[in-house]
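Residues in the sequence shown are numbered from 4 upward in steps of one, following my numbering.
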Amino acid sequence: MKTSDTAAVFLLLLGLPVSGIIPVLGQSGANSDPLWINFSSEQDRLGFQSVAAFSQGSQFFLSGLAGPDAGISGFFGNTDGLSDLSNAFSFNARDARLFHSDYSRSAHYSGATFQFSQGQSAHFAVGVAQIEAGDVEDRINWFAGAQTTHSNVQIFRVEVGENVAAHAVGGGFALSGVDLNARYIHADDGTESGLIKWQMPINRKHRVALEFQSGSSERFREGNYQRWLFSYNGSFGRPDEMWGTEGGSSGLGTMSTAILAASAVGVALVASSGSDKADTQIRFTKQHDAAEDVLNKINPTSVAQNLEYGGWVYQNADATFSATEPIKGTVDSVNIGSPDDVPNGYAMASYHTHAAYDPRYDSENFSQVDIAVDNAWRVDGYLGTPMGYFKYHNYLTGVITTLGRVAN
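And the structure:
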């Protein structure tokens, strides 16, 4: 028996008034279908309201007091990496890699919400979520949402320290079986991710759907993507929806507030890692490309100043590669420190330049000291020469190759 099923059975055995057990089906990019459980007192008077949600690696709990027109609640939970509790704001690794590499980190979150309604026709909620993870700054997400019988809209503002990391907006419309949903996240550096999905019935047993997704980042250009997906669904019985709608059959109220809070957590986890270094690093899928990029940028400065520059190439948590900021050295050496000092992941190679041409040195080749240091640290080495050659030393084989050219 799965954990989520066990939780539902346990609540039922306790005799709690469970008003909805709602799996959200068919969500885009989710690892598993979350189970939402709403157990509460009668909606027409002030009473205790509580919602719980479970999925693979994520747990969410919200409790508070609510009446027919207003309510206040607090929530908390844990997630092992990305949260997939919200259908509209569930993200996969491809989405997260655009923004940062550290999306697999476990996190704990908590927050508070205030909700109010206008009869049975409209529901509004505002709140704040705080996401905590080890060794990084807390992420704060201020959020608000509005929902009617046929439409909904959500807005989010993610902050890390005193800086605004990202904004996000989402919304949907459903009428006569036709569903239209969209979401968009924009980080402060221009990284963005968007999704639009539409579905409609052909008849009682057949439906068609169209989805468009895109994402772009100047810091991880190899992760940029666009995708179109057309779907057709037919059945001999009652057709299943291709995408679950937020809240399932729960209607307005505490359940929609809980899903909004879970969405805020999902947005914050994707939009920022909580570390400025991780959020701003330039990443590549290949180690050579990370070294070439940094040497191509710093080698002209090195030649012009007749000073060596160097640093580390390291592998991130998502298996991409980045380079540390170049450290300035002297005319014939540079101290790049320890490979243990890289901001994320593990150091895989050193890189350095050889300043301007000097007849006293063999500037176009690795020195014996260069090779000895790489071997001592058990890392590869990259070199940008005064003539603009891009060279590579494999410490395991001892082979040195010229990979191409860099600016000089």
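The beta carbon of each residue, even a glycine, is placed where N, CA and C say it ideally should be.
Worksheet item: Under 8 Å, do residue 277 and residue 318 count as touching if we go by C-beta distance?
Response: Contact flag unset, no.
Item to complete: Keeping to the same chain, check which residues put their C-beta closer than 7 Å to that of residue 299; ignore five residues upstream and five downstream.
Response: 409, 410
Worksheet item: By the 10 Å Cβ neighbour count, where 16 or more other Cβ atoms means buried, how is residue 389 classified, buried or exposed?
Response: Residue 389 should be labelled buried.
Discussion item. Between 331, 313, 179, 284, which has its C-alpha nearest residue 384's C-alpha?
Written reply: Among 331, 313, 179, 284, the Cα nearest to that of residue 384 is on 313.
Worksheet item: Candidates 66, 235, 49: which alpha carbon is nearest residue 40's?
Response: Minimum Cα distance to residue 40 is reached at 66.
Discussion item. Once DSSP output is grouped into helix, strand and coil, what is the label at residue 32?
Written reply: Confidence in residue 32 is poor, its pLDDT being 40 and thus under 50, which makes the residue's placement too unreliable to answer from.
Practice prompt. Name the one or two DSSP bridge partners that residue 116 has.
Written response: 76, 130
Fill in: Assigned exposure category for residue 260 - 16 Cβ within 10 Å defines buried
That one is buried.
Item to complete: Would you kindly work out how many angstroms separate the C-alpha atoms of residue 297 and residue 258, rounded to a whole number?
Response: 49 Å
Item to complete: Have a look at the DSSP bridge pairing and note the partners of residue 352.
Response: Paired residue(s): 316, 383.
Discussion item. Do residue 89 and residue 265 have their beta-carbon atoms positioned less than 8 Å apart in this structure?
Written reply: yes
Discussion item. Bridge partners for residue 188 per DSSP, in chain order?
Written reply: 171, 196
Worksheet item: Based on Cα-Cα distance, which residue from 194, 180, 336, 217 lies nearest to residue 209?
Response: 180
Worksheet entry | Close beta carbons around residue 73, own chain, < 6 Å, minus the five adjacent residues each side | 119
Worksheet item: Around the C-beta of residue 381, are 16 or more other C-beta atoms found within 10 angstroms, so that it is buried, or is it exposed?
Response: With a threshold of 16 other beta carbon atoms within 10 Å, residue 381 falls short and is exposed.
Worksheet item: For the alpha helix (DSSP H) that residue 339 lies in, which residues bound it at each end?
Response: Here residue 339 belongs to no alpha helix (DSSP H), and DSSP marks it neither H nor E.
Practice prompt. For the beta strand (DSSP E) containing residue 288, list its first residue and its last residue.
Written response: Unbroken run through residue 288: none, as it is neither H nor E.
Item to complete: Classify residue 359 as helix, strand or coil using the three-state DSSP reduction.
Response: coil
Discussion item. Would residue 326 and residue 354 be called neighbours here (beta carbons separated by less than 8 Å)?
Written reply: A contact, by the Cβ cut-off of 8 Å.
Worksheet item: Of the residues 378, 334, 342, which one's Cα is nearest the Cα of residue 365?
Response: 334
Worksheet entry | Those residues which DSSP pairs with residue 331 across a bridge | 312
Discussion item. Quick check: is the beta carbon of residue 337 nearer than 8 Å to any beta carbon in chain B?
Written reply: Included in the structure is just one protein chain, with no chain B present.
Item to complete: Have a look at 153, 110, 50 and flag the residue whose alpha-carbon is nearest the alpha-carbon of residue 124.
Response: 153
Worksheet item: Run through DSSP, which three-state label would residue 394 get?
Response: strand
Practice prompt. Apply the 10 Å Cβ neighbour rule to residue 132 and answer buried if 16 or more other Cβ atoms are within range, or exposed otherwise.
Written response: buried
Discussion item. Closest to residue 279 by C-alpha separation, out of 70, 111, 142, 393, would be which residue?
Written reply: 142
Worksheet item: Is it buried or exposed for residue 200, if we count other Cβ within 10 angstroms and need 16 for buried?
Response: buried
Practice prompt. Starting from residue 151, follow the beta strand (DSSP E) in both directions and report where the run begins and ends.
Written response: 142-151
Worksheet item: Where does residue 19 fall in DSSP's three states?
Response: Because the pLDDT at residue 19 is just 45, under 50, the model does not fix this residue reliably, and the point stays unresolved.
Fill in: Cβ shell of residue 290 (< 8 Å), same chain only, five flanking positions each side left out
316, 318, 324, 351, 352, 383
Worksheet item: Under 8 Å between the Cβ atoms of residue 106 and residue 84?
Response: yes
Item to complete: In the DSSP assignment, find the alpha helix (DSSP H) that holds residue 273 and state where it starts and stops.
Response: 257-274
Worksheet entry | Boundaries (first-last residue) of the alpha helix (DSSP H) holding residue 222 | First-last for residue 222: undefined, no H or E at that position.
Worksheet item: In the DSSP assignment, what are the bridge partners of residue 94?
Response: Per DSSP, none; premise fails for residue 94.
Item to complete: Could you tell me which residues DSSP pairs with residue 66 in its beta bridges?
Response: When beta bridges are read from the DSSP output, residue 66 appears opposite 53, 77.
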